[in-house]
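Student: Pasting in a structure now, in structure tokens, and then I'll have a few things to ask.
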Amino acid sequence: QKEVEQDPGPLSVPEGAIVSLNCTYSNSAFQYFMWYRQYSRKGPELLMYTYSSGNKEDGRFTAQVDKSSKYISLFIRDSQPSDSATYLCAMRGGGNKLTFGTGTQLKVEL
Amino acid sequence: DTGVSQDPRHKITKRGQNVTFRCDPISEHNRLYWYRQTLGQGPEFLTYFQNEAQLEKSRLLSDRFSAERPKGSFSTLEIQRTEQGDSAMYLCASSSLGGLPQETQYFGPGTRLLVL
Chain A
51 QKEVEQDPGP LSVPEGAIVS LNCTYSNSAF QYFMWYRQYS RKGPELLMYT
101 YSSGNKEDGR FTAQVDKSSK YISLFIRDSQ PSDSATYLCA MRGGGNKLTF
151 GTGTQLKVEL
Chain B
1233 DTGVSQDPRH KITKRGQNVT FRCDPISEHN RLYWYRQTLG QGPEFLTYFQ
1283 NEAQLEKSRL LSDRFSAERP KGSFSTLEIQ RTEQGDSAMY LCASSSLGGL
1333 PQETQYFGPG TRLLVL
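Heads up: the sequence lines are chains A and B, in that order.
For reference, each letter of the first sequence is one residue, going 51 to 160 in this note's numbering.
For reference, each letter of the second sequence is one residue, going 1233 to 1348 in this note's numbering.
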């Protein structure tokens, strides 16, 4: 069993929809949680960072962490075609290496 | 551009050849990381440096792989006697010790390796 599980999709939504992306994890040592966006053939780009349970909002993006359930989510409001990408959850404990999910491929259609 | 840069962006080689990749981190960052990403998967940690010291290596880093960061600035990743299973995107990231938020890692564009 992988330490981080993420549905690979693909997920296809119409423009303007609310998108929900999720990851579950098994390692209780994970303390810091991130969402990266990766366009095709590019490096991951940091979108959101959080380290406590609860919600964190940044523009159209909201990151949610539930440490008791070992579950994190990313919500995208008013989705745009430019949001079409692969979304990677990543997490780490007290060390330095990041552990990633497999990524969810999102397509926002006109 | 002050982001992480990697060179080359693409490399095609024949099985058995050696290849070397270079990463230039964000200038004030003292931590540098290498990850490998295969198709349909998330990046997997390979190794990281703090300044010139290599502090952690994944078991994924077989003895055919070697990484260096000789002066605590740029880093190189060498793969000897390449195998077809080495075909992947090799990503470099950097962070600042004590940086906020919590030493966020910033990634470069990656080097895509294809071993024929």
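Beta carbons are placed, not taken as given, at the ideal position from N, Cα and C, and that holds for glycine.
Predicted model, so just to flag it, every value in this text is computed and none were measured.
1. Under 8 Å Cβ-Cβ, which residues of chain B neighbour P94 of chain A?
2. Determine the contact status of E53 of chain A and Y82 of chain A, defining contact as a CB-CB distance below 8 Å.
3. Just to check my reading of the structure: P1275 of chain B and L1264 of chain B have Cβ atoms closer than 8 Å, yes? What is that Cβ distance to the nearest angstrom?
4. Tell me, please, which residues DSSP counts as bridged to P58 of chain A.
5. P64 of chain A bridges to which residues according to DSSP?
6. Any idea if A79 of chain A is buried or exposed, counting beta-carbon neighbours within 10 angstroms, 16 or more meaning buried?
7. Measure from the alpha carbon of R127 of chain A to the alpha carbon of each residue in A:R142, A:Y89, A:F111, A:N146, then state which is nearest.
8. Count the other CB atoms, across all protein chains shown, that sit within 10 Å of the CB of S90 of chain A; report buried if there are 16 or more and exposed otherwise.
9. Excluding the 5 residues flanking M98 of chain A on each side, which residues of the same chain have their C-beta closer than 7 Å to its C-beta?
10. Which value, in whole angstroms, describes the spacing of the CA atoms of R1247 of chain B and L1346 of chain B?
11. Between the alpha carbons of C1324 of chain B and A67 of chain A, how many angstroms are there, rounded?
12. Could you name the residues of the same chain whose beta carbon sits closer than 6 Å to that of T1308 of chain B, not counting the 5 residues immediately before and after it, in chain order?
13. Judging by CA-CA distance, which residue of A:G143, A:S129, A:E159, A:T136 is the nearest neighbour of T201 of chain A?
14. Kindly list, in the order they appear in chain A, the residues whose Cβ is closer than 9 Å to that of E1288 of chain B.
15. Taking G151 of chain A as the reference, which of A:V158, A:E159, A:T136, A:G145 has the closest Cα?
16. Where do the N-terminal and C-terminal ends of the beta strand (DSSP E) with H1242 of chain B fall, by residue?
17. Taking any Cβ of chain B, which residues in the region 54-81 of chain A have a Cβ under 9 Å from it, in chain order?
18. Alpha carbon to alpha carbon, how far is G145 of chain A from Y1280 of chain B?
19. I need the straight-line Cα distance from L1293 of chain B to Q1286 of chain B, nearest angstrom please.
20. Look up S1327 of chain B in the DSSP assignment and say whether it is helix, strand or coil.
21. Under a three-way DSSP split, which group does Q1286 of chain B fall into?
22. Chain A partners of G1342 of chain B, CB-CB under 7 Å?
Tutor: This is what the structure gives:
1. P1275, L1323, F1339
2. no
3. Rounded, the Cβ-Cβ distance is 14 Å, inconsistent with contact.
4. Bridge partners of P58 of chain A: none, in fact.
5. A:E159
6. exposed
7. A:F111
8. exposed
9. M84, W85, K106, D108, F111, A113, L124
10. 9 Å
11. 34 Å
12. T1252, R1254, E1300
13. The structure shown does not extend to residue 201 of chain A, since chain A spans only 51 to 160, so no value can be given for it.
14. G145, N146, K147
15. A:T136
16. 1242-1245
17. V54, Q56, P58, Q81
18. 11 Å
19. 13 Å
20. strand
21. strand
22. G93
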